[in-house]
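Using my numbering, the letters of the sequence shown map in sequence onto residues 139 to 980.
Every residue gets a Cβ at the ideal spot worked out from N, C-alpha and C, and that includes glycine.
Here the structure is laid out as structure tokens; the discussion comes afterwards.
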Amino acid sequence: MSRLVTVGAVSALVMVLGTNANAWLQEDIAAARGYISQGKFAEAIKILDKLIKERPDAIQLYFDLGRAQFGMKNLSQAETAFGKVIVGKPMVADSYFNRGVVRIQLNNWAGAIVDFAKVIELNPKPKPNAPNLVLESRDNRVGAYLQVNKFGEAIADASIVLMADPKRGFTLLNRGYAYEKLGQFDKAVADYANAIPLLNSDAEKASTYFSKADLEFLKLNQLPPAVDDYTQGLALDKANVGALLNRAACYFQLKNFQGALADYSGALALKAGDGDILKNRAAVYLQLKDYKSAIVDYSGYLQKTGASADTAVYRLRAACYLNVDPKNYAGAVADLKIYLAKNATDAVAWKDLALAQYNTVVPQGGSIDKAKAAGLSEAIASATKAVQLDAKQADAFIILGDSYSFQERYKEAVSPYTSFIALVPDKPFGYEGLGRVQYNLQDYKGAIANFEKYLKLKSDGPETMEIKKLLALAKASGGGGSVADRIAALTEAIAADPKDPVAYTNRGVAYFESQDFDKAIADFQKSLDLIKPGDNNYLKYISNLASARYSKANKTKADGDFKAAADVYNQWLAKAPGNAEILLTLGEIALNLKQWDSAISNYTKYLATNPTDAKNQLAVLTNRAYCTLQKTPPDLAGAIADYSKIIALNPADPKFYELRGKAYQDQRNLTAAAADFEKFAQLSGSKDPDAIKNLAILYFNTGENKRKANDPTKGIPEFDKAIANYTTFLAVKPGDGSALYGRGLATYRKSKAATDSKVKLAELKKAIADFEAATKADPKLADAWYYLGLSCDDYGVADELSAETMFPKAIAAYEKYTTVPGVSAADIEAAKKRIAQLKEAL
């Protein structure tokens, strides 16, 4: 801001050349000079022009004309007039001096220097009451030398002048300026200081204070004196923006930020909206940690300068965004991206960008789920760029480690945490992060070592409680110890953090493994109570409690425990409708409680919501079929439908044909039942006598139904199958009275349907043999006695020749029938009536 020294302090013209003019000129010359002294230069010029026309050789006239033309600011004409005087009187110093003065006004510095040198050469003696032309020539030549950059010459002349007259303020200023231009700043400062009290106007003094302060500030780094001089100058010139800005810069370097802030604010009051001043004041706000104000000023600067803005300002505003409360991470991200577009090798900026991107996703001091953690990819990319540019960017490594950890990329997190620890081994955060990922990777020994290192560096504070807990959990999970050891370690973890649901959960698991279900239930319930509403891990916690409740119920087989388990599973189901595990277990609990409808409902929901779960389809359908059969009355159709679905899924399993056959049998669909039992026998290769006997009964009953519905011949195929199965059964159990009776009855029905007498008699003979064997095997088998009598009776009727033999057998059988307990009175009466008829026939 140094002032440009001018020649404003040059001497006035010398007024009189001489008084040797002719007498005839004296009156007119006197008049012209009178006009000059009155400032009536035009009137003087008229007289002098007239005189010069008359006497062009009169040198004195040109001298006065030069003075008048100078007064009129006709500098070229004045220069010409004085030149003519010099031609006429080359040894008179006055005219050289005057022309030198004129040439300075014409900025003809070289010509002025020549004229003043001539004056000095002529060295005229000072006239009484007149200026010392030699001294004034040197003083004027100082300014001319300055204009042509001859600073050494200017200093020499000024020094001579000041030796003669040390009170010349402008001469001091000019010499100071010359010293300044030659880099002799201390001498320049001294001259400016000496000049100030000699100057007349406040403006000149203020300007000189500012020039001196500029040198002290910008060249000599003498900040306190510079501040004093700027302050002195501003007291005289309050509106000098440049001085305010320079003093602000001094204050800034002196760390007097309040002073700098006041000056930048004052400058803005004078130059509102100036972008550079806004930028500088923002830097002060940044030092004062007034980030909000800094952001406002940086934003004003960027708005003012637009595309030409210094990109470093984006970097600085980003720093404010990262520190302001509340933090503006999104703003920091935007600014850093703009900055890095032109400063792509700035590793620290990449690290800060990574930090801002990280905190945009992760709340301060908080955590996120894996889905949100996917948003950390940009932070990972920026942090990776930072460490590629500068492998010592420790914070970038910690951002990488934390980001990978949140994304559950635990193996990838190990390397950046390890790098962070190598760079700053005295910081606990790296050990914490590495311990956590090792814990998740089930490297419990590594986790234990790093958690212990962390606690050595940071042994107290609330944040250490979680690490103490994790250390205990790692010890509990490290393997090699008993369940009791794990429970003890987990109890330590709970003591370290009694509000951590994970510790209770893990101890609950240990109790679960030791079959101490009551303690497991208590811990699982505690962990569930501790989680926050809407916690993403709610289902995991309640599933633990449900499993423990159900395991206890299975152990005790107590209805109360099953009901307690059902309550928990229903809470779980409310949060996870359609969950296969829940629906299956609720079905099993209801089955244990014999709550058939509830079991059926849960199995039905499972089948509707898990249609592709082939693994459990058969079991669910089997259980539902079982429950439908346990109802009162049993839902036979429902059971048959489920067994049919099972058979469709697994047609080679004989068991379900048997089960469906029984349901068909209970439904009285004997044909279907018989077909299923046949299929069961075929697939299983079963020789189970009871199954064979049951199949015989089914075929017999089927034949009976056909016989009763139509005519006796319709049931013969079924009677044959019944006889065949009874025969197979009797081969294993030959003395089974009911089987002998059954086969005899089937044979009897065939005899009734026979139209050929020989066939009829043959079938009756077989039937009689079976009935006789049945009554011998079980004399209390009333129906066998009855049908033995009836078969003998029919045989005698069909073959008269056998009547004498068969009727007595019939009578004996009937009589025995009437004595068996349980026969109704009506049947006894009917039998006795037939006995009487047979006796009469004999």
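**Request:** Tell whether a beta-carbon distance below 8 Å holds between A364 and T346.
**Result:** In the sequence shown, residue 364 corresponds to position 226, counting from 1. In the sequence shown, residue 346 corresponds to position 208, counting from 1. It is not a contact, given that the beta carbons lie outside the stated cut-off.
**Message:** For the pair the segment 872-882 and the segment 841-848, tell me if three or more CB-CB distances fall below 8 Å.
**Reply:** Too few Cβ pairs lie closer than 8 Å, so no.
**Span of the alpha helix (DSSP H) around V225** = Counting from one through the sequence shown, the residue named residue 225 turns up at place 87. Taken as a continuous stretch (DSSP letters only), the alpha helix (DSSP H) holding V225 covers L213 to G226.
**Prompt:** With a Cβ-Cβ cutoff of 8 Å, do R455 and D473 count as a contact?
**Reply:** Residue 455 sits at position 317 when you count from the first residue of the sequence shown. Residue 473 sits at position 335 when you count from the first residue of the sequence shown. Taking 8 Å as the Cβ cut-off, R455 and D473 qualify as a contacting pair.
**Request:** Measuring alpha carbon to alpha carbon, tell me which of L683, A470 and G573 ends up nearest E590.
**Result:** Within the sequence shown, numbered from 1, the residue matching residue 590 stands at position 452. When each option's Cα is compared against that of E590, the closest is G573.
**Residue environment, A159, which counts as buried when at least 16 other CB atoms sit within 10 Å** = As a first step, residue 159 is located in the sequence shown; it is residue number 21 there, counting from the start. Caution is warranted here: a pLDDT of 47 is assigned to A159, below 50, making its placement in the model unreliable, and the coordinate value is therefore given only provisionally. A buried status is given to A159, since no fewer than 16 other beta-carbon atoms sit within 10 Å of its beta-carbon.
**Request:** Compute the distance between the beta-carbons of W247 and A296, then report whether it is under 8 Å.
**Result:** For the purposes of this step, residue 247 is taken as residue 109 along the sequence shown, with counting starting at 1. For the purposes of this step, residue 296 is taken as residue 158 along the sequence shown, with counting starting at 1. If you check the CB distance, W247 and A296 do not come in under 8 Å.
**Prompt:** If you compare alpha carbons, which of S515, R687 and P671 is closest to I727?
**Reply:** Residue mapping note: residue 727 aligns to position 589 of the sequence shown, counting from 1. Per the C-alpha coordinates, the member of S515, R687 and P671 positioned closest to I727 is R687.
**Message:** Please state the DSSP three-state secondary structure of I506.
**Reply:** If you number the sequence shown from 1, residue 506 lands on position 368. The answer is coil: DSSP assigns I506 none of H, G, I, E or B.
**Message:** Considering just the uninterrupted stretch of the alpha helix (DSSP H) at L284, what are its terminal residues?
**Reply:** As a position in the sequence shown, residue 284 is number 146, starting the count at 1. Its alpha helix (DSSP H) spans residues L271 to Q285.
**Request:** Under the assumption that L608 contacts Y577 (Cβ atoms under 8 Å), give the Cβ distance between them as a whole number of angstroms.
**Result:** Working through the sequence shown from its first residue, we reach residue 608 at position 470. Working through the sequence shown from its first residue, we reach residue 577 at position 439. That belief holds up - the Cβ atoms of L608 and Y577 are roughly 6 Å apart, short of 8 Å.
**Request:** Ignore the nearest five residues each way along the sequence and tell me which others in S557's own chain have a CB closer than 7 Å to its CB.
**Result:** Reading the sequence shown from its first residue, position 419 is the one you call residue 557. Excluding sequence neighbours, S557 sits near F535.
**Asked** How long is the line joining the alpha carbons of K427 and L353, rounded to whole angstroms?
**Response** By one-based count along the sequence shown, residue 427 stands at place 289. By one-based count along the sequence shown, residue 353 stands at place 215. Taking the straight line from one Cα to the other gives about 31 Å.
**Asked** Does the Cβ-Cβ distance between A331 and K350 come in under 8 Å?
**Response** Here residue 331 corresponds to residue number 193 of the sequence shown, with the count starting at 1. Here residue 350 corresponds to residue number 212 of the sequence shown, with the count starting at 1. Taking the C-beta atoms as reference points, K350 is found nearer than 8 Å to A331.
**Request:** Could you check how far apart the C-beta atoms of L926 and T913 are, in whole angstroms? I think they sit under 8 Å.
**Result:** Walking along the sequence shown from the start, residue 926 turns up at place 788. Walking along the sequence shown from the start, residue 913 turns up at place 775. The beta-carbon distance between L926 and T913, rounded to whole angstroms, is 6 Å. This is short enough to meet the 8 Å contact definition.
**Asked** How many angstroms separate the CA atom of D375 from the CA atom of Q322?
**Response** The count along the sequence shown starts at 1 and reaches residue 375 at position 237. The count along the sequence shown starts at 1 and reaches residue 322 at position 184. The straight-line gap from Cα to Cα measures roughly 27 Å.
**Message:** Alpha carbons only, please: which of G882, L244 and A511 is nearest the one belonging to C930?
**Reply:** One-based indexing of the sequence shown puts residue 930 at position 792. With respect to the C-alpha of C930, the residue from G882, L244 and A511 having the closest C-alpha is G882.
**Item:** Among I680, Q243, A626 and D195, the one whose alpha carbon lies nearest that of E217
**Value:** Residue mapping note: residue 217 aligns to position 79 of the sequence shown, counting from 1. Cα-wise, what sits closest to E217 is Q243.
**Prompt:** Mind pulling the beta strand (DSSP E) runs of 3 or more residues that sit fully within the segment 880-922?
**Reply:** DSSP runs (the beta strand (DSSP E)) wholly in the segment 880-922: none.
**Item:** Inter-residue Cα distance where the pair is A834 and N740
**Value:** Taking the sequence shown and counting its residues from 1, one reaches residue 834 at position 696. Taking the sequence shown and counting its residues from 1, one reaches residue 740 at position 602. One C-alpha to the other measures close to 38 Å.
**Message:** If you measure between the beta carbons of N644 and A614, is that distance less than 8 Å?
**Reply:** Locating residue 644 in the sequence shown gives position 506, where the first residue counts as 1. Locating residue 614 in the sequence shown gives position 476, where the first residue counts as 1. The Cβ atoms of N644 and A614 sit closer than 8 Å to each other.
**Request:** Pull up the distance between the alpha-carbon of K594 and that of I586, whole angstroms please.
**Result:** In the sequence shown, counting from the first residue as 1, residue 594 sits at position 456. In the sequence shown, counting from the first residue as 1, residue 586 sits at position 448. C-alpha separation (whole angstroms): 12 Å.
**Request:** Please classify M210: does DSSP put it in a helix, a strand, or coil?
**Result:** As a position in the sequence shown, residue 210 is number 72, starting the count at 1. Here M210 carries a coil assignment [DSSP, helix/strand/coil].
**Prompt:** Of the choices M944, F235 and P266, whose alpha-carbon is the least far from that of I251?
**Reply:** On the sequence shown, position 113 is the one that residue 251 refers to. Nearest option by C-alpha distance: F235.
**Asked** Which first and last residues belong to the alpha helix (DSSP H) in which F355 is found?
**Response** The residue you call residue 355 lines up with position 217 of the sequence shown. In the DSSP assignment, F355 falls outside any alpha helix (DSSP H) and carries neither an H nor an E.
**Message:** Less than 8 Å between the beta carbons of V240 and L213, yes or no?
**Reply:** As a first step, residue 240 must be located in the sequence shown, where it is residue number 102. As a first step, residue 213 must be located in the sequence shown, where it is residue number 75. With respect to L213, V240 sits close: the two C-beta atoms are nearer than 8 Å.
**Asked** Taking buried to mean at least 16 other C-beta atoms within 10 Å of its own C-beta, is Y944 buried or exposed?
**Response** Against the sequence shown, residue 944 aligns to sequence position 806. According to the sequence displayed, residue 944 carries Met and not Tyr. When all chains shown are included, M944 counts as buried.
**Request:** Spatial neighbours of V286 within its chain, please: CB distance less than 8 Å, with the 5 preceding and 5 following residues excluded, ordered by chain position.
**Result:** To locate residue 286, count along the sequence shown from 1; it is residue 148. Result list for V286: W247, A248 and I251, in chain order.
**Own chain partners of A801 with C-beta closer than 6 Å, once the 5 adjacent residues on each side are dropped** = Mapped onto the sequence shown, residue 801 falls at position 663. Correct list, in chain order: L774, A777 and I778.
**Message:** Taking 8 Å as the threshold (C-beta atoms), are D735 and A763 in contact?
**Reply:** Here residue 763 corresponds to residue number 625 of the sequence shown, with the count starting at 1. Here residue 735 corresponds to residue number 597 of the sequence shown, with the count starting at 1. Taking a C-beta distance under 8 Å as the contact criterion, A763 and D735 do not qualify as a contact pair.
**Asked** How would you write the range of the alpha helix (DSSP H) that A400 sits in, first residue to last?
**Response** The residue you call residue 400 lines up with position 262 of the sequence shown. Residues F395 to L408.
**Message:** Please report the distance separating the alpha-carbon of A786 from that of T747.
**Reply:** As a first step, residue 786 is located in the sequence shown; it is residue number 648 there, counting from the start. As a first step, residue 747 is located in the sequence shown; it is residue number 609 there, counting from the start. Whole-angstrom Cα-Cα distance: 20 Å.
**Message:** In whole angstroms, give me the CA-to-CA distance for G226 and N245.
**Reply:** The residue labelled residue 226 in the question sits at position 88 within the sequence shown. The residue labelled residue 245 in the question sits at position 107 within the sequence shown. Cα to Cα, the separation comes out at about 25 Å.
**Request:** Check whether the Cβ atoms of L151 and I183 sit closer than 8 Å, and answer yes or no.
**Result:** Within the sequence shown, numbered from 1, the residue matching residue 151 stands at position 13. Within the sequence shown, numbered from 1, the residue matching residue 183 stands at position 45. With contacts defined as CB atoms closer than 8 Å, L151 and I183 fail to qualify as a contacting pair.
**Asked** Which residues bound the alpha helix (DSSP H) around K191?
**Response** Within the sequence shown, the letter at position 53 stands for residue 191. Where K191 is concerned, the enclosing alpha helix (DSSP H) stretches over F179 to E192.
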